[in-house]
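In the working numbering, the protein residues as written are 12 to 460. Even glycine gets a Cβ: it sits at the ideal position worked out from N, Cα and C. Predicted, not measured: the structure shown is a model, and the values here were computed from it.
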Ligand code: FAD
C-alpha cells in the first residue's frame with residue numbers, strides 16, 4: 012500500500028504538513044500534481060504563472076526523484092483524475108494541504124466524500140496560510156472587513172507553528188503509475204518566446220526560494236522598513252511568487268524573519284496583508300468579479316477606449332513611473348508594490364477603466380498572480396474594497412515618482428524614453444472627471460426616501 016500526496020499550491024518538500032503526515036504512515040509515498048483547467052469555476056492560469064508552474068514542477072519532480080520517489084503529472088478535472096491516480100498507484104491514503112477558493116473547496120470536498128466512500132483515508136492540512144480564515148473572527152463572529160483589527164486578532168491567536176523539517180528519503184512504491192510529460196502540457200510560451208526577462212530574473216523552485224529567503228533576512232531585512240517603498244532600492248523580499256506557489260510556507264518566512272530580529276515587524280505585517288486578502292476571498296468568493304462595496308455597482312465607467320488600455324498595458328502613457336512599472340511587469344512578470352499602486356490608480360482613476368480589466372492584465376502577466384491578493388489589492392486601489400483607500404485618493408504618478416524614485420533610477424532602468432511620450436491624459440482634468448463620476452455614483456446609490 013502507498014500514500015498519495017496531492018501537491019497544489021505547495022510545491023515544496025520542507026514544511027509541508029501533508030507530505031509529513033504521509034511519511035509518518037511509514038508507507039511508500041507518491042506525489043501527484045493535477046493540471047485542472049476545466050473544473051467549474053476554476054480560473055485558468057495566466058501566461059507568466061504557467062511559465063513559473065512549469066519550472067517549479069520540474070524542480071519538485073527532481074527533488075522527489077533525488078529522495079527516492081516520484082511526481083505523477085495528470086491533467087483534467089480533479090474529480091476524475093485524482094480517484095484514477097489513487098487506483099493506479101494502489102494508494103490507501105491521500106493527503107493534501109487545503110485551498111481556500113470556493114471552486115477549489117468544492118472540488119476538494121467532493122473528492123473527500125468519494126474517496127472516503129471507497130475506503131481511502133483522506134486527510135487535509137493547513138499549509139498555505141498562517142491562520143485559517145475561519146479561525147479569525149470579530150467579537151460578533153463575522154469575518155473582518157478592516158485590516159488593523161484583523162491583524163490584532165491574529166496576533167492574539169497562538170503564534171504560527173515552527174516549520175517542519177525537510178524529509179531526506181521518500182520511499183516509492185514498487186508499482187509506478189504512468190505520468191504525463193511536463194513538456195506536453197505546453198506551459199511555456201512557444202513562438203514568440205516572451206520569457207527571456209523571466210528567465211533572467213527568476214529561479215523558480217524550492218532551492219531558489221530558500222536561497223532568496225536566507226539572503227533577504229541576512230542582507231535586506233534590517234533596512235526593509237525604511238527602503239521598502241523605493242522601487243530602485245531592491246529592498247523588498249521578492250518572495251511573493253515563492254509564497255504564491257508554496258515553494259516556501261508563510262511559517263518558514265515568518266520564523267526566518269523573527270529569528271533575524273531587526274526590521275521584522277513591518278515585514279511581518281506585510282505577510283498579514285496576504286493573510287487578510289485570503290480571509291477576504293474566503294468570505295467573498297467572487298472577489299475578482301464583484302465590488303465588495305455594492306454602491307460601486309452604480310459607478311459609471313465610460314465606454315472602453317482600447318487605445319488607452321493598450322497604452323497602459325504597453326507602458327506608453329507618457330507618465331514615466333507608470334510606464335516603467337508596466338514594462339518591468341511585461342519583461343519580468345513582477346512590479347514593485349509602490350508602482351503597482353500607482354499604475355493601478357492611474358488605470359482606474361485617470362483613465363477611468365474598470366478595475367477588473369487591470370486585474371485581468373495583472374493576472375495574465377504576474378508571476379505572483381494570486382487569486383486573493385490580486386483582486387483584493389485592485390479593489391483596495393479602486394476604492395470598492397472592504398478596507399480600501401477612499402476613491403477620492405488619486406495617486407499622482409508625477410509626485411509619486413518624485414517622492415519614491417527621486418534620483419530617477421527606476422524610471423531610467425525601465426522606461427528612459429517615457430518622458431518623451433506625449434501624456435495620454437491630463438492628470439488634473441482626468442482626476443476631476445473621476446471625482447465627478449464618484450459623486451454621481453454616491454448620489455445615485457443613496458437610498459431614496
Ligand atoms: P515584500 O514587501 O517583501 O512583502 C512580503 C510579502 O508580503 C510578499 O511577498 C507578499 O506575499 C506579502 N504582501 C506584501 N504586500 C502585500 C499586499 N499589499 N497584499 C497582499 N500581500 C502582500 N501580491 C501578490 O502576491 N500577488 C498578486 O497578484 C498581487 N497583486 C497586486 C495587485 C495590485 C494592484 C497591488 C497594488 C498589489 C498587489 N500585490 C500582489 C501585493 C504586493 O504588491 C506584492 O505582494 C509585493 O509587491 C511582492 O513583493 P515582495 O515579495 O518583494 O514584497
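Query	Result
Rounding to the nearest angstrom, what Cα-Cα distance links residue 423 and residue 216 in this structure?	31 Å
So, under 8 Å CB-CB, residue 15 and residue 100 are touching, yes? Tell me the CB distance rounded to an integer number of Å.	6 Å
Between the Cα of residue 439 and those of 343, 407, 65, 173, spot the shortest distance and give me the residue it belongs to.	407
If you count every other CB in all the chains shown that lies within 10 Å of the CB of residue 229, and 16 or more means buried, which is it?	exposed
Could you tell me if the beta carbon of residue 145 falls within a distance shorter than 7 Å of some heavy atom in the ligand FAD?	no
Would you call the region 121-136 in contact with the region 243-256, where contact means no fewer than 3 C-beta pairs closer than 8 Å?	no
Can you tell me the Cα-Cα spacing of residue 110 and residue 443, whole angstroms?	42 Å
Check residue 18 in the structure and name its three-state DSSP category.	strand
Tell me, to the nearest whole angstrom, how far the beta carbon of residue 309 is from that of residue 456; I am working on the premise that it is less than 8 Å.	4 Å
Comparing alpha-carbon positions, which option in 427, 234, 81, 176 lies nearest residue 268?	234
Between 430, 112, 416, 355, which lies nearest to residue 402 when the distance is taken from Cα to Cα?	355
The beta strand (DSSP E) that contains residue 103, what's its start and end?	102-108
Should residue 181 be counted as a contact of the ligand FAD given a C-beta to heavy atom distance under 7 Å?	no
Are the CB atoms of residue 264 and residue 63 within a distance shorter than 8 Å?	no
So what does DSSP say about residue 421, is it helix, strand or coil?	helix
Please report the residue range of the beta strand (DSSP E) in which residue 71 lies.	Careful: residue 71 lies outside any beta strand (DSSP E), inside the alpha helix (DSSP H) at 58-77.
I want to see whether chain B comes within less than 8 Å of residue 31, judged by CB atoms only; does it?	Of the chains in the structure shown, none is chain B; there is only one protein chain.
Taking all protein chains shown into account, decide if residue 186 is buried (16 or more other Cβ within 10 angstroms of its Cβ) or exposed.	exposed
Where do the N-terminal and C-terminal ends of the alpha helix (DSSP H) with residue 429 fall, by residue?	Taken as a continuous stretch (DSSP letters only), residue 429 belongs to no alpha helix (DSSP H), as it is neither H nor E.
Taking the alpha carbon of residue 362 as the reference point, which residue from 330, 387, 382, 22 has its own alpha carbon closest?	330
When you measure from the CB of residue 332 to every non-hydrogen atom of the ligand FAD, does any distance come out below 7 Å?	no
Suppose only complete runs of 4+ residues qualify. What are the alpha helix (DSSP H) ranges in the region 306-338, listed by chain order?	317-325
Specify, as a first and last residue, the run of the beta strand (DSSP E) that residue 283 falls within.	Segment 275-294 is the alpha helix (DSSP H) holding residue 283; no beta strand (DSSP E) there.
Quick one: is the Cβ of residue 348 within less than 7 Å of any heavy atom of the ligand FAD?	yes
Could you please give me the residues that DSSP links to residue 83 through a beta bridge?	43
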